[in-house]
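Per the UniProt record's numbering, the very first residue in the sequence shown carries number 1; after that it's consecutive. All residues carry an ideal CB built from backbone N, CA and C; glycine is no exception. Have a look at the structure below, then the notes.
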Amino acid sequence: MKKLILGLLVFVSSYGIAQDGYKLWLQYKTVDNAKIREHYSELNETISLDTNSSIAKVIQKELKLAMQGMLSQNPRFSEENPTLIIKKIADLPKDLKPKQNLIDSINDEGFNIQTITSKSTPKILITAKTDQGLLYGVFTYLKQLQLHKDLTELSITDSPKIKKRLLNHWDNLDRTIERGYAGFSIWDWHLLPNLIKEEYIDYARANASIGINGTVLNNVNASAYILQEDYLEKVQALADTFRPYGIQVYLTARFSAPIEIGGLETADPLNKEVRQWWNNKADEIYKLIPDFGGFLVKANSEGQPGPNNYGRSHVDGANMLAEALAPHNGIVMWRAFVYSDEKPDDRAKQAYTEFVPFDGTFKDNVLVQVKNGAIDFQPREPFHPLFGAMPETPLMMEFQITQEYLGGMSHLVFLPKIFEETLQEDTFSQGKGSTVAKVVDGSLTDTQLTGIAGVSNIGNARNWTGHPFAQANWYGFGRLAWNPKLKAETIAQEWLGMTFSTDPAFVKPMTSLLLDSREAVVDYMTPLGLHHMMAEGHHQGPGPWVKDLGREDWTSVYYHKADSLGIGFDRTATGSDALSQYAPEIEKAYSKIETTPEKYLLWFHHVPWNYELKNGKNLWYNLARHYQDGVEEVEKMISTWEQMKPYVDEKAYRKTEMLLSIQLKESQWWRASCLLYFQQFSKMEMPDFIPEAPHTLNYYESIRDPYAPGIKPSWD
Ligand code: GCW
């Protein structure tokens, strides 16, 4: 009878119950392989765990949830002959203590998972220096079970390489999300602090499972109101909810808050009253939230107020806030995303020009937060020249997980390929091998304070991210924040196995699909180094024709500079000379068209239409070939997905199938719009592999979509 019920359970849970995506990668699907199931059931029958802390209680809850889901068994928590031992190193009996060199190799958030044999029976030992380390160890252990790994010789020692691993929510207090495509903000400010929604707890679980240890709750285009007492009590309720999952809460600080909610006449960082106001505000916050993480600040950028309004520098502004937070161990993350139209210099140069002179002058608890590229989260950008250029200043990476320039929520794009590419780039700043990853994890210049942030793609959509596969980008960001040297392929395999199926017939083709999806979007949107060619405002869809806006560097023509001779932005010495902001090794290689990697060609050079690329074909032909490749890649994704139907729940299958059909339509829209527009300049025949465009260029240029998703910024 038991076997019959078991069999029924297996069938229903694997295929019957529609997976609406709410459980994310923590599906804890039934382990239906009898041998593995038996192996797991024995090893997880009795668990030794001191539930003497709030984190330990969370661990216990997660173990129960996981074992119930995967094995339909309730583990016994007891010290009597446990098969799974979860204990801090300091509390371990001598015979179980790991070797000193192993203990020395893990940091306070690290852990060790080991299969041991004690009293001649195999057991699993998860140990760490802190409860938070145990939490990360347990989630990593549960991942092994979800991936059906063999536990007989487990030996995993791991520690996060970056200290501050944060999500940045561009969530407004009215619950709209700037550049958000998955519904409204999950923070229900109106009902906080009393209503603690299940989503808040599952948000914390999901983030803890990938090692995220901080979250900035509100938009960098900030509202001062978040710093008012009534809102701070709401923030406190979220902080209390997240604390047992090892997650600290941060807020964005609107630089003009002392005026807007403090009643002062000025927000000048050198003004005594203003400094006192921020000191008092910090004290007020820490009374409510003793482990408050600190402030994220967007200042003097895109209309946000800042120290420059008072003739002061970014350092003056950041250091004032740093002094207010320092007594409480808080940090300031000061964004370097600055560019102004007063100085009509190449936008890609301005952050470097403005911030490099400040190197070494920020307080010790200040991180400068830098986007992965010098323009703005494009499908591809060379790494930001600031990485490696400020060795005396902790630089924090800012990636965008939400797909502002990558198809919103309707395009499947596996972003860890973008993150991996940037992190592996060599800055040459301390000689060869000075990768961006080493700048960010601090190992290059022995920087103690390190951080990485991802602009969240989470909303109140039932599956959190809108597109089922956008969850992989949240997951992947967390995994790379933990280890910036991780391979995108490993991340894809983990996420696919935990979310859908560990069957190699599914994982293998889907891993290729994910890994190829990033090059596809580059090809059908901005191939060969083109950038910033999207429709204005909402940024959804093509707009290579965009010109005559409030400022040149918000248009598309500013970036591609297409004319009868050629296309591309000359950033070498004969152009804006942005190239000189990179190390000599890069400047030398990229100064010539022929030695510049073709993927960055039109980022750094204005190239003649008939210039011959490495494949012996001219630029116009290659541009068309990349647009066509992008569309064909999406067609390939569609045919791969069709073969995955047996492995995926019907609902998730259908939703992804329909979204892929939108992605194909929009890739064809990009191909036709861009090639018809650029053909006006190249005056060259459309290669025969490019199908006849269904509409005229005028038609494409006339498309307006004022209600496209993603809430444009208030200043736009
Ligand atoms: O990515 C761009 C977006 C803005 C965003 C800004 C920034 C929050 O278009 O919506 O504003 O940059 O990063 O501050």
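Put simply, of Glu404, Ala224, Ser78, Tyr141 the residue whose alpha carbon is nearest the alpha carbon of alanine 708 is Glu404. Ligand 1 approaches phenylalanine 337 closely enough that one of its heavy atoms is under 7 Å from the residue's Cβ. DSSP lists Ile47 as the beta-bridge partner residues of phenylalanine 77. Rounded to the nearest angstrom, the gap between the Cα atoms of tyrosine 40 and leucine 145 is 8 Å. Closest in alpha carbon position to serine 517, among His532, Phe469, Asp95, Ser564, is Phe469. The C-beta distance from tryptophan 609 to serine 682 rounds to 4 Å, short enough to fall under 8 Å. Measuring C-alpha to C-alpha distances from serine 340 to each of Asp553, Glu260, Pro379 identifies Asp553 as the nearest. Excluding sequence positions up to five before and after tyrosine 200, its CB lies within less than 8 Å of the CB of Ile186, Leu238, Thr241, Phe242, all in the same chain and listed in chain order.
Distance from the CA of glutamine 304 to the CA of serine 429, rounded to the nearest whole angstrom, comes to 32 Å. Between leucine 406 and valine 370, the CB-CB gap reaches or exceeds 8 Å.
Taking the C-beta atoms as reference points, phenylalanine 139 is found no nearer than 8 Å to alanine 56. Pairing asparagine 308 with asparagine 319 gives a Cβ-Cβ distance that is not under 8 Å. Ranked by Cα distance from leucine 619, the first of Leu675, Lys636, Asn33, Met644 is Leu675. Positions of the beta strand (DSSP E) runs, each at least 3 residues long and wholly inside the segment 363-431, are given as 366-371, 395-400 in order along the chain.
Nearest C-alpha to glutamate 153 among Thr117, Ala128, Tyr136, Gly529: Thr117. Residue side-chain check: phenylalanine 377 places its Cβ nearer than 7 Å to a non-hydrogen atom of ligand 1.
Separation of the CB atoms of histidine 532 and glutamine 350 is rounded to 15 Å, and the pair is thereby denied contact status at 8 Å. Proline 122 is bridged by DSSP to Thr117. Beta-bridge partners of lysine 87 (DSSP): Thr127.
With respect to leucine 288, valine 216 sits apart: the two C-beta atoms are not nearer than 8 Å. In the DSSP assignment, proline 608 forms a beta bridge with Gly566. Of the residues Ala222, Leu147, Arg275, the one whose Cα lies closest to the Cα of threonine 176 is Ala222. Rounded to the nearest whole angstrom, the CA to CA distance from glutamate 635 to alanine 520 is 10 Å. For tryptophan 277, the three-state secondary structure derived from DSSP is helix. Below 8 Å, enough C-beta pairs join the segment 654-672 and the segment 622-639 to call them touching: three or more. Taking a C-beta distance under 8 Å as the contact criterion, valine 249 and leucine 264 do not qualify as a contact pair. In the three-state scheme derived from DSSP, where H, G and I count as helix and E and B as strand, glutamine 679 is classed as helix.
CA-to-CA, the gap between isoleucine 106 and alanine 583 works out to about 34 Å. Assigned with DSSP and collapsed to three states, valine 648 falls in coil, not helix or strand.
Distance from the CA atom of proline 122 to the CA atom of leucine 43, rounded to whole angstroms, is 8 Å. When secondary structure is reduced to three states using DSSP, asparagine 194 falls in the coil class, being assigned neither helix nor strand. Taking the Cβ of tryptophan 170 as the reference point, at least one heavy atom of ligand 1 falls within a distance shorter than 7 Å.
Nearest in C-alpha terms to valine 522, of all of Leu232, Phe414, Ser48, is Phe414.
Shortest Cα-Cα distance from lysine 164 to any of Ile212, Pro391, Lys143, Gln628 involves Ile212. Under DSSP, the beta-bridge partners assigned to phenylalanine 111 are Asp158. Relative to the non-hydrogen atoms of ligand 1, the Cβ of arginine 347 never comes closer than 7 Å to any of them.
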